[in-house]
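Working notes, beginning with the structure itself.
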Amino acid sequence: MLKEIAKDIKSLIDPVIWITEGRFTSNELRLFDDARQLYELQLAKLEFLRFGDDLKKFVRRTAYFEEILGKKSWHYFISEVKGKGQIGHTNQYMTHWFYPYKGKFHGQMIKALINFVEAKEGDLILDPYLGSGTTLIESSLLGIDGYGVEINPALAIVSQIKLDSLKINYEEISTEIDFSKVYKVFEYFSSLKIPKNSIKPTIEDCLTAKELLEILWERFFPSSFLHDLPFEWRNFLLLIYLHALSDYTYLSGTKKGKSLQQFFFDNFKEYMKTIEGCWNIMNRLGIELGDYEILIGSALDVKLRERALRE
């Protein structure tokens, strides 16, 4: 009788028993310490129901478990590539933290939802309201292709750059961009004179985010040493400047205020630290990124490719 009572009490205080429907305990499958909210436990249960019969795959896919039968999950290593302001393993890891945007989902939650729908390589994830790219970053890290639609051109290019930055070879960029060039980069962007409202893409143009970035470099950014750099590198440096400009504007007049140049240099160091972490962990785990495309437009007018939806 006492043994049965003890078993019932343990099931009430061990969420893993509930999540796995009695198959495992917290001694065998360990949740992240910060996975305490009810919705997080429910998502952990949903993703386990999809992949619990293949624990080897679950190690690669899980969002909420830190350890599976003594083996660290891939999300543990991915979320160790920490970004500015990161708390725990929910968000701001990898390139999620690039450029401030308040209206985004937690990457960890999105990964669990992708797991719940059992998306796999060969499928296509659609996010009709892409925002700053959280869904496509998570699908790409899982090796799944993604298609995003975003009506705000600025957010669309931010998403494109965050995704492209996952591909940057840290060893190459850190060798090419030394401190003297960082100063020149800042001088270049801070001296740009682009007439107000001269860049006004509309949803009728049906541009992709990549196409808009190409137009910016071809028509609005004067030829410089930056044009000799790889496309992804140029945009990476552009985003650092835009992030610094946002910090400078938002924090001006406060105790955290700095010069625009100092914000740029500080953000450059933090961005490069993230790129190094991304490069190292993707090589260590052998992650092959899924492809992606971002359309600037309305979700109401999306023309999906074949196989885009499944019943």
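Throughout the sequence shown, residue numbering follows our numbering, covering 105 to 415 in sequence. Every residue gets a Cβ at the ideal spot worked out from N, C-alpha and C, and that includes glycine.
Among all the DSSP beta bridges, which residues are the ones paired with residue i?
| i | result |
| --- | --- |
| Gly-252 | Asp-231 and Ile-398 |
| Thr-312 | Leu-399 |
| Arg-134 | Glu-171 |
| Lys-176 | Glu-171 |
Could you pull the start and end residues of the alpha helix (DSSP H) that residue i belongs to?
| i | result |
| --- | --- |
| Phe-169 | From DSSP, Phe-169 is part of no alpha helix (DSSP H) but of the beta strand (DSSP E) over 169 to 172. |
| Leu-342 | 335 to 355 |
| Pro-119 | 119 to 123 |
| Thr-378 | 364 to 389 |
Please report the distance separating the alpha-carbon of residue i from that of residue j.
| i | j | result |
| --- | --- | --- |
| Lys-500 | Asp-138 | Because the chain spans 105 through 415 in this model, residue 500 falls outside it and cannot be assessed. |
| Glu-322 | Thr-353 | 27 angstroms |
| Leu-230 | Asp-370 | 35 angstroms |
| Leu-389 | Ser-263 | 24 angstroms |
| Tyr-197 | Gly-187 | 5 angstroms |
| Ala-348 | Ala-403 | 31 angstroms |
| Leu-343 | Leu-150 | 36 angstroms |
| Arg-134 | Glu-184 | 17 angstroms |
| Phe-368 | Pro-204 | 14 angstroms |
| Lys-314 | Ile-261 | 7 angstroms |
| Glu-275 | Glu-380 | 8 angstroms |
| Thr-194 | Leu-355 | 25 angstroms |
| Glu-415 | Thr-166 | No answer about Glu-415 holds up, because its pLDDT of 49 lies below 50 and its placement is not dependable. |
| Pro-334 | Ile-191 | 33 angstroms |
| Asp-484 | Arg-127 | Nothing can be reported for residue 484, as the shown portion of the chain is limited to 105 through 415. |
| Tyr-143 | Glu-171 | 20 angstroms |
| Leu-245 | Gly-237 | 12 angstroms |
| Asn-219 | Thr-129 | 21 angstroms |
| Leu-173 | Ala-216 | 19 angstroms |
| Asp-118 | Asp-332 | 57 angstroms |
| Gly-156 | Glu-242 | 20 angstroms |
| Lys-288 | Tyr-375 | 17 angstroms |
| Leu-267 | Gln-146 | 28 angstroms |
| Glu-397 | Asp-351 | 28 angstroms |
| Ser-278 | Glu-132 | 41 angstroms |
| Phe-209 | Glu-318 | 28 angstroms |
Tell me whether residue i is buried or exposed, calling it buried when 16 or more other Cβ atoms sit within 10 Å of its Cβ.
| i | result |
| --- | --- |
| Cys-310 | exposed |
| Arg-338 | buried |
| Asp-438 | Nothing about residue 438 can be read from this structure; the chain reaches only from 105 to 415. |
| Gln-212 | buried |
| Val-221 | exposed |
| Leu-341 | buried |
| Glu-225 | exposed |
| Glu-280 | exposed |
| Gly-394 | buried |
| Ser-294 | exposed |
| Thr-199 | buried |
| Thr-378 | buried |
| Ile-272 | buried |
| Thr-298 | According to the sequence provided, residue 298 is Ile. The question's Thr does not apply to it. Ile-298 is exposed by the Cβ-count criterion. |
| Glu-125 | exposed |
| Leu-399 | buried |
Go through the segment 138 to 214 residue by residue and report every complete run of the alpha helix (DSSP H) that reaches 4 residues or more, in order.
The qualifying runs are 142 to 155, 159 to 165 and 178 to 182.
Curious, which full-length beta strand (DSSP E) runs of at least 3 residues does the segment 235 to 303 contain?
Scanning the segment 235 to 303 from its first residue to its last, the whole beta strand (DSSP E) runs of 3-plus residues come out as 249 to 254.
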